[in-house]
Structure formats: C-alpha cells, structure tokens
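All remarks here apply to the structure that follows.
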Amino acid sequence: QAQAKTNFKVAWSIYVGWMPWGYASDTGIVKKWADKYGITIEVTQFNDYVESMNQYTAGAYDAVTLTNMDGLSIPAAGGVDTTAVIIGDFSNGNDAVILKDKTSLADIKGQPVNLVEFSVSHYLLARALESAGMSERDVNVVNTSDPDMVGAFQTPDVTAMVTWNPMVSEILALPSATNVFDSTKIPGEIIDMMVANTDVLKDNPNFGKALAGIWYDTMAVMTADTPEGAAARTAMGVASGTDLAGFEAQLAATKLFDKPADAVAFTSSPDLATTMDKVRTFLFDKGLLGSGAPSADVIGIELPDGKVLGDAANVKLRFTDEYMSAAAAGTL
Amino acid sequence: MRWINTKPSRATQIALMLAPFLLLIVAYGVTSAARLADNPADKLLPALQTLIDAINRMAFQPDPRTGEYLLWSDTGASLVRLFSALGISTLIALFFGMVIGMLPYVRALLAPFVATISMVPPLALLPILFIVLGLGETSKITLIVIGVAPAMIRDLALKVLELPREQIIKAETLGGSSWQIALRVVLPQVLPRLITCLRLQLGPAWLFLIAAEAISSDSGLGYRIFLVRRYLSMDIIFPYVLWITLLAVITNFALDRLRIAVFPWSNLEAR
Amino acid sequence: MRWINTKPSRATQIALMLAPFLLLIVAYGVTSAARLADNPADKLLPALQTLIDAINRMAFQPDPRTGEYLLWSDTGASLVRLFSALGISTLIALFFGMVIGMLPYVRALLAPFVATISMVPPLALLPILFIVLGLGETSKITLIVIGVAPAMIRDLALKVLELPREQIIKAETLGGSSWQIALRVVLPQVLPRLITCLRLQLGPAWLFLIAAEAISSDSGLGYRIFLVRRYLSMDIIFPYVLWITLLAVITNFALDRLRIAVFPWSNLEAR
Amino acid sequence: MSEIVLDKVWKEYGDQIVLEKISLTIASRAFVALVGPSGCGKTTFLKMLLGEEAPTQGGITLDGVPLIAEPGPDRGVVFQRYSVFPHLTVLGNVLLGKVFKRSPIAARLFGAERRAAIDEAMTLIAEVGLNGSETKYPAQLSGGMQQRLALAQALIMKPKVLLLDEPFGALDPGIRAEIHVLMKRLWHETELTVVMVTHDMREAFTLGTRVIAFERPRDRPEERERYGAVLSRDIDIWPPRIAGENSIFAPDRDDPVIPLGLRQDDPAPQGDILP
Amino acid sequence: MSEIVLDKVWKEYGDQIVLEKISLTIASRAFVALVGPSGCGKTTFLKMLLGEEAPTQGGITLDGVPLIAEPGPDRGVVFQRYSVFPHLTVLGNVLLGKVFKRSPIAARLFGAERRAAIDEAMTLIAEVGLNGSETKYPAQLSGGMQQRLALAQALIMKPKVLLLDEPFGALDPGIRAEIHVLMKRLWHETELTVVMVTHDMREAFTLGTRVIAFERPRDRPEERERYGAVLSRDIDIWPPRIAGENSIFAPDRDDPVIPLGLRQDDPAPQGDILP
Ligand SMILES: Nc1ncnc2c1ncn2[C@@H]1O[C@H](COP(=O)(O)OP(=O)(O)OP(=O)(O)O)[C@@H](O)[C@H]1O
Ligand SMILES: Nc1ncnc2c1ncn2[C@@H]1O[C@H](COP(=O)(O)OP(=O)(O)OP(=O)(O)O)[C@@H](O)[C@H]1O
Ligand SMILES: [Mg+2]
Ligand SMILES: [Mg+2]
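Which chain is which? The protein sequence lines are A, B, C, D and E, in order. This note's numbering numbers the first residue of the first sequence as 1 and each following residue consecutively. This note's numbering numbers the first residue of the second sequence as 333 and each following residue consecutively. This note's numbering numbers the first residue of the third sequence as 604 and each following residue consecutively. This note's numbering numbers the first residue of the fourth sequence as 875 and each following residue consecutively. This note's numbering numbers the first residue of the fifth sequence as 1150 and each following residue consecutively.
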C-alpha cells in the first residue's frame, strides 16, 4: 500500500497537548521542516476528535494525534498498523472525576456518571472505581458529548461527571463541583501522542523525522519564558477558544515532554508496558478490541525494546523512541 | 414520438425502479471487496457477511452486559422520543396554528415571532435547553419540538388563512360563534393538512432526535450510531441507518394512509 | 362582535408584533440578573454588557493570532459554503426535478430512489462523506447538498407534474419538441417555485452547515459556536445565534423579493 | 317583514371610491337582481348587506333597525363557490346551522335533539332534490347539486334575507335552468327577501321582481380611483311577480327551456372524482 | 382539405368501456358541436382526435392518413382552462408556436425573424380583439380575454383541425355571446375543421353545422363499467351553415343577444387582480 511519497497529511484536534501542531502550521515551522526533507506536510485541524481518528483509520491521513488508549482501540483494532512517533505529554490532572455537592470518591456509588463512553474518561473512571474498591456496576454510565459537558453539569440531574480539559477547569470553577479523582493519581497512564501509519513511516522515515523536528522546535518556542513564548501560548489559547491564562492553567495539568530526552526516558521505561496492559484489559472488558476477540492478547503491542505484548503475529501498535532519540541526539 | 410521451410498461417500470437500488448494492459490494483486499481489517465498508453478523448480533442476540436485544431496545427508546415529540409538536401546532390563523389579534402578536423563531438554529441552543430542562428525556423531546413545531405552526396558520373567506362567512350566517366555527369548520379541515405537515417534518424530526441522542443518552438509535462511530463500526452504522430510513418511510406511508382513512373527503378534493 | 372579526389597528398591530420580542429581552434581562446575583461568574446568561463586549471583540477588533475580524471571517466562510451548496443543490434539483417530472422513463427510474434517499439521515453518513471527499470545503458543501437536494428534487418534480396536462398538450399542438417544451413552458414555470423551495430549505441548510463545521473546520459560524461551547461562552454563542437567525431571515426575504422581481407573473397568479 | 333601507351609502377602500351614494329601499319579499360590469362593486354591496363590510358613510337598516355589523343567522348567503363545507356530508352541511344554534359549546347534537334536527334537514334536502345523496361529500356532487345544497344549508336558518352572489354563474345552462325553477319555488314558498348578483341578464329578468344595475359613470382608467359606481337603472318587472302568487298574465312564462332531454345535472360518475 | 374519418372506434380505460363503436365522418370545414351528459366520454373523444389517447380498437384518419399518435401542430386545441401559459405575456403566448417552428434548439427568435413573427402575431391579436393588451399576463385578463388569447395562440399554427373542449363553459353569458361572434367569424375566415364539446345546447345550435350527441344507452350504476356511450343523435343544422358564406335564409339569425349595453368583457380592474 504505502510507498515512497512526498505528500503527507496530518490530522490534529483541539486539545491542550496538541495545540502546538496548529501553531507550528500557522507559523511556518511545519513548512521549514518539510522543506528540509523535500516533502510537503498538510496539517488539518479537526473540531471533532473522533472524526480525526476515523479519518486516519480509514486511510485518509498518514498521521494523527490521539491517546494511547484510543490508538489501541481505534486504528490498531481497525487493522491499521500504527506507530507512535512522538510521545507529547501525559495527562497530569487534565482528566478528572467531578462530583456535585459531594466531596469524596466513595460518594459516587449508585450515581449516574456522565462521560464520553469508551473514551479515556471511561478508563479514568474505571481506575478511580478500582482505587475505591468498586466497579462499573456500582454506577450508571450516561454517554454525553464532550462540548456539552459544562452545560450538562449545571443541570439538576447530573451529579457526577468524568471529563477532560478545558471542560474540567470550567466545571471546577462552579461552586458545587469537587474534583474527587484525577489523572495525577494515575500518572503516565493517559498519554497523548502523534502516531503515524507504520507502512508509510517505514517507506518514508523522513516523514517521522520531520514530525519530530516540528514538535521540538515548537516546544522550544512555546515553553520559553520570553515574550515570544507568551505570544505563542496566547495564540494557542485563543485558537482553543480561551485566553493565555486559561491555556496556561490547562498546561499546568499536563506533563509536557518539551525535551526529547525526557520523552525517550518515559517511552523506554518498563512502566509503559504495565500501563498498556491495564489499558488493553480495560478495552477487552468493554468489547472494544473487536467483537470476536478471544482475549486481550488479540492485538500485539510492540514496545521500544522490541518486546511484544500480546499476539506477536498481529502487531498493530508500536512504540518507538527512534525519532525522539534522533531529536535528542540532534541528528534530525 | 416525443420523449415526454413515451411511457414504460408496468414491468419496465418495476425494473427501472429497482435498478438504482441494485446498482447501489453492487457498487457497495465491489468497493467494499476492493478495500478489504487492501486491508482485511478495514472497517469503512464491511463485507456483506460482516453486516449480517452485526445485524444478527444487534437484533437477535442479547447484549452480554444488559441482556437486552440492542436494536429493539434502541428502536423502542428512539420511537418513544420521536412520537412523543411529534405528538406534542402536533398539539402545539394545532393550537397556535389555529389561533394565529383565525384571530387577527393573535396573528399580529405571534406570526412574526414564530417566523423568526423558526429561523433559529436549534442545535446552537442546546446548552440552554439542557440547563433549563436537564439531560433526561424532556430535553431531547424539547429539542425535537423546538426544531419542528415552528415550521408546523406557520404551515398550519397558512392553511387556516387559505380557507376560503366565503366558508367562514357562510358559517357565520349559520349562527356559528368563533368557538363553534373553530371546532366544526376550521379544525376538521386543517386536520388532514396537519398530517401532511407532520409527514414533511419527519425528516427534520429524525435529524434532531439523532442530534439529541448524540449529546446525552444511554439508548436510542442515534446514541448507538454515535457511540460506535468512535470505532468506525460501519457494520453497525449501516444497518442502523437503513433501519432508520425504513422506519421513516413506513411512518410516512402510514400517516398518509391514516389521513385517507380518517378524512376520506380530503382525498376527494385532491381532484 | 366575534373574536374572529375583531381586527387590530395599524398601530396596535405594530405594538403587538414587537411585544413578544421585547418580552423575551426583558425575560432574559431579569433571569440573567438573577443568576448573576447568585453567582457573578455564571456564564449561561451573560449580562447585556458582556454580550456587547463580546460582539465588539468578535466583530470590531482584529484577532491577535490572525489579524482577522472573527465574526466577519466566520460569516464569510460560512456563507460561501452555504451559498455554494445551495447553488449546487438548486442546479441539481432543477435538472433532476425537471427530468423526473417530464420524462416517464426517468421518473420510473429515479422517483422512488430519490424518495428513499430523502429519508436517509445525512448526519449518520458524515464519516463516509469525509473519508470519500476529504475534509476540505467539498465535504461540507456535499453534506448540505445531500441534506437539501433530495427534498428539493421531490418538490420540484411534483411541481412539474402539477403543471396542467392541458398546457403540455397545448405546447405540443404548437409544435414544441420535448426540449422546447422543457425550455419554454416547464422551466420558466418551475423557476419561481424553485426559489420558494429553496427558501423552505434554508433552515435545514443552516443545520447541516453547522453540523459539518462542528466536525472539521477552522472557521465558520458553526465552527466558532462549537469551539466556544466547551467553555460555555454564551456571550459569544448568543450573538452568533442571533446573527445566524438574522442572516436566515434576510436571505429568506431577499429570495422572495428576487422571485417577484424576476417572475412578476408568479405573483399575479397567487390570487 | 324584512325591509332593507340603504341611506346614502358610500363605500371606499383606502383611496378608491367603490360605491357612491346608494339610496335604496328593498321591500319585504322582493327578489332584487343586481347587475353591472365586473368590478363595479356588486360583491361589495352584498358584503355590506351581510355585515362583512361596513359602509364608509351612510347607514343600512333592516326592518328599521341598524344592521348588525357581522354576518349572522338572519341573513343567509350563497356564493358562486365555497358555499358548502367540503368536509361535511350533504346531511352534515344542512345540519350545521341547527347544531350551532342548539349546542353552543360542543357544537354537536345527540339523541332526540339530533333526530329532530335530522328530520328537519332531510325535509329540506328533499325539497332541493338531493334526497338519496345525504351521505355524499360535496366533491362527489356536480356543481348544480352543490349549489342546491348551499341553498338548503342557508334556508334551514329561516333567514329574513337571502343574499346570492352569482350563485349559478359557474353552472352549465341546462343545469342553470333547472335550478332556476327550484329557486323560484323556494322564493314563493319561504318568507324571504332575496338580493341576487348576476352577470346574466336573462337570469335577472327570469327571476327578479326588480332589476337594479350599478355602473360607473366615469370609467376611464385614470378616473377609476376617484369615482365610484352609482345606481344607474332600477327596473320593476312588469307584469309584477308577487311572492307566493302565480303570475296572472302568463302563468308559465318563467319556465326554463328544458334542453334536449340530456340529464345534465346527473352526479358525475364516481370514477371521475375519485383519483 | 381536412376530413376526419373514425372507423369503429372503441375506447376502454382498464375494464371500463367509455366509448363503443363510434363511426363518423367529419367533412372538411365542418363545425361539429358535440354534446352529451357529463362523463359520457366527450373529452376522451377529443383526446383521441388530438392523439393524446389512442383508440383501444378501430382507427382514425385525417385526410385519409392514419392520425399521428401525438398532439402536433396540425391540430389546434382550446380547453376550458389552462389553455394559455401564465408566464408569457399575450404577445409571448401567441408567438410561441412560431418560435417553436423556427428555433428548434434555442427556442427563441432574434432580429428580423423575430420582427416578422411579431408582426404576424400582432395581426392575429388584433383579429381576436386583444390589441392594447399585448404586454399583459393572462392573470391580468378576464376569462373571456383569456379564451380569445387561446384561440389566437392556436390559430397562428394554421391548424387543419381545431378542437375545443367546452371553451366557453366558464364564461358569463354576456361574454359568451361576444366570443361566439368571434368564433363564427374565425371559422368563416380560416381553413378550419372545428370539433367543439359543449354542455350548452344553445351554443351547439348557434355555432355548429352539425350537432352530435353521445349517450350511454345503459346508465344504471352497475352497468356503467360494462357499457360505453354511443353516438345517439346526429343532426345536421338546417338551413345549412356553410363556411365562408352568409346564411341565405336569415343572414343575422346567429347574432347573439347583446345585453343591456354593459361591457361585460372589460378587463377586470388591476386592483382586483394584484394582491
Ligand atoms: N378588500 C378590498 N380591498 C380593496 N379593494 C377592494 C376590496 N374588495 C374589492 N375591492 C375593489 O372594489 C371594487 C369592486 O369590487 P367587487 O368585488 O365588489 O366587484 P364586483 O362588482 O363584485 O365584480 P365581479 O363582477 O368581478 O364580481 C374593485 O375595484 C375591487 O378592486
Ligand atoms: N385517464 C383515465 N383513466 C381512467 N378513466 C378515465 C380517464 N379519463 C377519463 N376516464 C373515464 O372516462 C369516462 C369519460 O370521461 P370524459 O372526461 O371523456 O367525460 P366527458 O364527457 O368529457 O365529461 P365532462 O362533461 O364531465 O367533461 C369517465 O367515466 C371517466 O371516469
Ligand atoms: Mg363579485
Ligand atoms: Mg370533458
């Protein structure tokens, strides 16, 4: 299917950890790196996260931003061999379980919980319930679309909600809302990354390198404590519908890997395997690894050290530090 | 012979009628096969067998989690919402359509307002709706009503106004009061039109139903479509879309039969 | 005097017309003030001043990122999509409406298909559309066309069929060929109806536009509404909704004027 | 008694003067035929008698009492079209007036009251020659039968005045002749003052006791707005027709010509009407 | 020459027999008036002559050649309604036939060709008494003027046969009388064979050279489906009317009664038509 080619399409959707892609595209960083490798990269913004993944899975895009869990359950389970090129950040408070007028996680028992079903919120809820010795049977999940979470929380019949930023900070600003469990309690388990089609990447390693180059260039600008850095953060804030302060609040809840070395270290640590095992077990329980999946092992997950979690003959999700290492080594 | 005068025979007509549907199925089959040859796990255009498996799973096997037959429970939930909303819209349209159409004061008061309201995009007002009405069935039904009722009111008020003035005068010379004329002259004549008008709103009603279910729900046809859309499970989406289409076609047809059965004179008029 | 015979004076009429709008504004003001007194940070019903600030920000101050005036660039982007889509739908409807209405063979072939297609909920087909057509303007425009054209085709074909058979026969006795009759007898008579039919589809067209922009876009009125919906920024959503409503009302009115200006005879007919 | 007196009646629509200074006394039980060119204000005149429009100046009295400014059961009306209710059967149409009278809230009759009303309606239906068609809808009747129905429907109210606006204008001549006979009989037998607008001189002279013509004395387009129509002719038929009495001079002069024996007022066959 | 011969023509719709075994020869330049009760198949008969419907059995020839099975420019037609195009002005309506003939693709004329066609059309418009109204739309004309327009529109094609289906049925009697005069003049002056359906006996005898009646011999409801109408009467008018010649016996016997001097065919005033 894939061959050497020069035109690549990248999809991203609006989320704090992915806003740099829009900024990079607007400010010419993408073009700079694409030119360097003699390719063109078309960066497309999606308003709807699910649609961006679907488009990638259906082959309309070469790379997309998504979370580790969705990477496994959507493209990988959809038969598209996918490689995580860049581990951009992990959620460190961006996702939260919020109760209304109650203050402890244990109070969630028996309540309806509004969340985007089968999303990382659902995973976070499962981990939260697990931590309190409960299971999903103790609550009643109601699917609710993410843009409407803030409005929904203010309605009388909503008492518990799991969602992510920017909705979390909007909701927590309401007097009745309490954060009872958030992703700081499960650090490193909700990972935001840029993935690409493995075949495309294999035939066009320059594409991966360009992506890494773009990302770390942009990181350098946006994390700088300079007027330019503030301007970049302001721009990203506005593009995501808020302002500088709002955006920085979201950034604070995000463990951004602005140095490639940190990302390499995170990717290579054995914790990743543990995390992915939890994730795939969760997905299997929910029947999201394919309707006929006999066990959580049905899809193979390759780790940077070459070890495979699950079916080695059906590896569909690969973690690699190749491109991030190259960035760290300055060999892009 | 001119093209406009050539008429197909009965058999040709049936063949022609079926042709585009068959063509669509064949085109689907071919494209699907081609994509699957490329990537056997492709989900966009599942093979026929996959579709049948999915239908079988959704319609005839209980869901392991809840023990329900999903297609039927989804259909039930959606239809309850749809028909409640359409019922409410119909009553609202009937009341406001009649008073706007009959009473000049009310017409001056409400006609421009309803015309403006009918132009407001209801989806944009969803957050307010939720907060005022909560996330339950009420807000879903209300969304459909808001989306559908203003157009019905306008349509019906227009129908009332279109009643020949002669009829109203005649009714007055028969001693009818405003109320009696409303009850015995206007109402029965707009009822069949109300049904026609309801049929026209079936499409929008389904649209708003799906939109409402996409936003917050735990069952319903639209809920299921948007839930599995997350996994690009076209094997479920396609049958669901076909099923919705079928339900809409049947409702449409049944409403028309109902009109003819209940108001036989309304069909005599047509010509 | 019977209620149906009491008529408001011109002045009363205007007062009555404005009343519901004023009432709405007052109701908003009161509720908003009450909510803000409760929680000064409440975002659901912003104070009037907040709304004016937001309008000022969106309409009259350049966006720091792009230097554009957002309201206008959003409006531009949306209107280009809307009008392209409506233009294309109109052409499609005109062509298919006329051939279905005029040619019995084409009618047998396409009428049932179009009727079925018009019942398919287009929102459910969005993923396929985006994959087949990409995410550019094409797929957004196509969604609107898919949502709007089948209904227009049906409506128009019906109008063609409703032309008195006598007229067609008369045209034939004047020596007209199928083509000439289409061009000089049928087309000019369905054109005004086409405009009416377009007006009826404005509501749905906006709906689909907003839905398409909600999924993938980087400008447009619907895009902006969905973007800021995450923050419940009603201070932006309300003005945008009002603005969309206003645009729809103006378009609706302008199309009707256009019809009367271009086809003066179509208004003589009305009564 | 039902004498109508118009005293210097003017009617204007906005700037347009339609009728100018009409003064007229219509005797009780007269049959006035009103003729005049199209647009001269005949319908407007009738609407003023109905109470549907008010005169701009001047007054109208019925039996000396100013006219009620709304159509009511004392004045019946039959128009050229739309005079019957398409959603009611023949019987339903004729019953309606009775129902309105007896049942102000439910607008429906039950039991004995209903049976009495039906009896009365059936008599009237037979009177206008529609027996056998009681359960049909107007769309299943021919044009002539529909106008008969409209007459029956109006007459059940026993109005003092019957106003007819080109009631037979849309009928074919054969059917028209038959309904003329009926009309004349009804006028003879019922306590009615009739005002009928018509375009047909023959009809005016066949039915009326008095023929009145409206005309615009100034009718150039630029004058249309500024001058209205006036009463231009007022002819009493001689020898006089008197309600309830045969003409002494020529008992059968008013008979219509019966054409060639084709039954033109037959109901159209069902197949023609049902789609 | 335009002789129409019908040879044992039957017409059935599905199981329903409408016309039974009609054999008839219509001489060139005849004016046939066709009468009969509603639903007996008069329109169906006309449609067969038009080519709009085909006989179930039997054949129709025009000048010895089997009839083309489609309406065409050799046979003109005027219906009771919908005979003119509402979206074209008077001039546009009359021009249309010329335009169709000369411009097969664009269906529009330009320059000298257009001017010539307009001249011809204007003559015909004057002929039917519509001069001055060239730029009006049909909705701005009275019913009588619309039918005059329909005649002019049909006649510009110089058809051999003119088929009229109750052309004047919807007109008021005064207007009808005027248009009768016109119709007769046109028939005298043009090379036309006319077949006219009418409900009005007087009209049939005033205009026709021959009056034909259709009737169902068996017309009980249960028989309607099984038996069609037959040609029941065929009367040649005597003394004969001959196209292009004045009647020797009574040169003015055919004049219509001119009523009371009211101009009943005046165009309705604009205010009445514009909403
Ligand atoms: N509601 C109205 N508003 C303004 N003008 C009106 C109204 N009704 C009638 N007219 C005008 O008054 C004049 C008389 O109309 P009317 O209908 O009384 O005429 P008519 O004699 O009944 O004509 P016809 O023979 O065509 O029925 C016309 O010029 C008409 O345009
Ligand atoms: N297209 C058709 N299909 C089936 N039946 C038809 C069709 N057209 C006419 N008929 C039937 O044929 C019979 C004759 O109809 P036609 O219209 O010729 O009558 P007509 O003599 O013109 O009547 P009218 O005086 O009412 O115009 C009627 O019974 C009618 O129902
Ligand atoms: Mg009138
Ligand atoms: Mg006929």
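By construction, the Cβ of each residue, glycine as well, lies at the ideal position given by its N, Cα and C atoms. Since the model is a prediction, treat every value here as computed from it, not as a measurement.
Contact under 7 Å by Cβ, A/S73 with A/V64: No, these two residues do not count as a Cβ contact at 7 Å.
Ligand 4 and E/K1196: does the residue's C-beta get closer than 6 Å to at least one heavy atom of that ligand? no
Listed in chain order, which residues are found with a beta carbon closer than 7 Å to a heavy atom of ligand 4? E/K1191, E/T1192, E/D1314, E/E1315 and E/V1346
Any residues in the segment 762-792 of chain C with a beta carbon nearer than 7 Å to a beta carbon of chain E? Which ones, in chain order? P767, E769, Q770, I772, K773, E775, T776, L777, G778, G779, S780, Q783, L786, R787, V788, P791 and Q792
Taking all protein chains shown into account, decide if E/D1401 is buried (16 or more other Cβ within 10 angstroms of its Cβ) or exposed. Residue confidence is low: E/D1401 scores 47 on pLDDT, short of 50, so the model does not pin down where it sits. Its coordinate-derived value is still stated next. With fewer than 16 Cβ atoms within 10 Å of its Cβ, E/D1401 is classed as exposed.
Applying the criterion that 16 or more other CB atoms from any shown protein chain within 10 Å of the CB defines a buried residue, is E/R1178 buried or exposed? When all chains shown are included, E/R1178 counts as buried.
CB contact check: C/R832 to chain A, cutoff 7 Å: yes
For the segment 406-440 of chain B, which residues have a CB atom closer than 9 Å to at least one CB atom of chain A, in sequence order? none
Run through chain B and tell me which residues come within less than 7 Å of D/E944, C-beta to C-beta. E504
For D/D1108, which three-state DSSP category applies? strand
Note down, in chain order, every chain A residue with its Cβ under 8 Å from the Cβ of B/P372. G79
Between D/K921 and the rest of its own chain, which residues show a CB-CB distance below 7 Å, the 5 nearest in sequence each way excluded? E927
Is it a yes or a no for the segment 724-731 of chain C touching the segment 524-543 of chain B, going by three-plus beta-carbon pairs under 8 Å? yes
Flag C/Y826 as yes when its Cβ comes closer than 6 Å to any non-hydrogen atom of ligand 1, and as no otherwise. no
Give the interface partners of A/F46 over in chain G, defined as CB-CB distance under 8 Å, in chain order. The structure shown has no chain G; the protein chains it does contain are A, B, C, D and E.
Return the bridge partner residues of A/D182 from the DSSP annotation. A/A96
Using a 10 Å radius around the Cβ and a threshold of 16 neighbouring Cβ atoms, would you call D/D894 buried or exposed? The question names Asp, but residue 894 of chain D in the sequence shown is Glu. Looking at its Cβ environment, which holds 16 or more other Cβ atoms inside 10 Å, D/E894 is buried.
What distance in whole Å lies between the Cβ atoms of C/P791 and E/H1236, which are believed to be in contact at a cut-off of 8 Å? Between C/P791 and E/H1236 the Cβ distance is about 5 Å, and since that is below 8 Å, they are a contact.
Tell me where the alpha helix (DSSP H) around C/W606 begins and ends. It is not in any alpha helix (DSSP H) - C/W606 carries neither H nor E in the DSSP assignment.
Drop a sphere of 10 angstroms on the beta-carbon of A/A84, count the other beta-carbons inside from all chains shown, and report buried for 16 or more, exposed for fewer. buried
Determine the DSSP secondary structure at C/E769, reduced to helix, strand or coil. helix
Any chain C beta carbon closer than 7 Å to A/E51: yes
Enumerate, from N- to C-terminal direction, the unbroken alpha helix (DSSP H) stretches of 4 or more residues contained entirely within the segment 979-1022 of chain D. 985-1001
Could you work out which residues of chain B lie near A/E117, taking near to mean beta carbons separated by less than 7 Å? Result: L559.
With a threshold of 7 Å between beta-carbons, can C/A630 be considered close to chain B, or not? No, its Cβ sits nowhere closer than 7 Å to a Cβ of chain B.
Beta-carbon neighbours of A/P156, restricted to chain B and to distances below 7 Å: G466
CB contact check: C/D821 to chain A, cutoff 7 Å: Yes, C/D821 counts as interfacial toward chain A.
What's the gap between the Cα of E/L1244 and the Cα of E/R1230? 20 Å
Check whether the Cβ of D/S957 sits closer than 6 Å to any heavy atom of ligand 1, and report yes or no. no
Looking only at its own chain, which residues have a Cβ that is under 7 Å from the Cβ of E/K1285, when we skip the five neighbours before and after it? T1238 and V1239
Nearest to C/F856 (by Cα), restricted to the options C/R832, C/L812, C/W868 and C/I798: C/I798
Rounded straight-line distance, which links the Cα of B/L495 to that of B/V517: 10 Å
Looking at A/M167 and A/V142, is the spacing between their C-beta atoms short of 7 Å? Cβ atoms of A/V142 and A/M167: not closer than 7 Å.
Please give the ranges of any beta strand (DSSP E) in the segment 216-288 of chain A, keeping only runs that are unbroken, at least 3 residues long and fully inside the region. 254-256
As assigned by DSSP and simplified to three states, the class of C/I655: C/I655: helix per DSSP, three-state reduction.
Taking the continuous alpha helix (DSSP H) assigned at C/R802, which residues delimit it? L790 to L803
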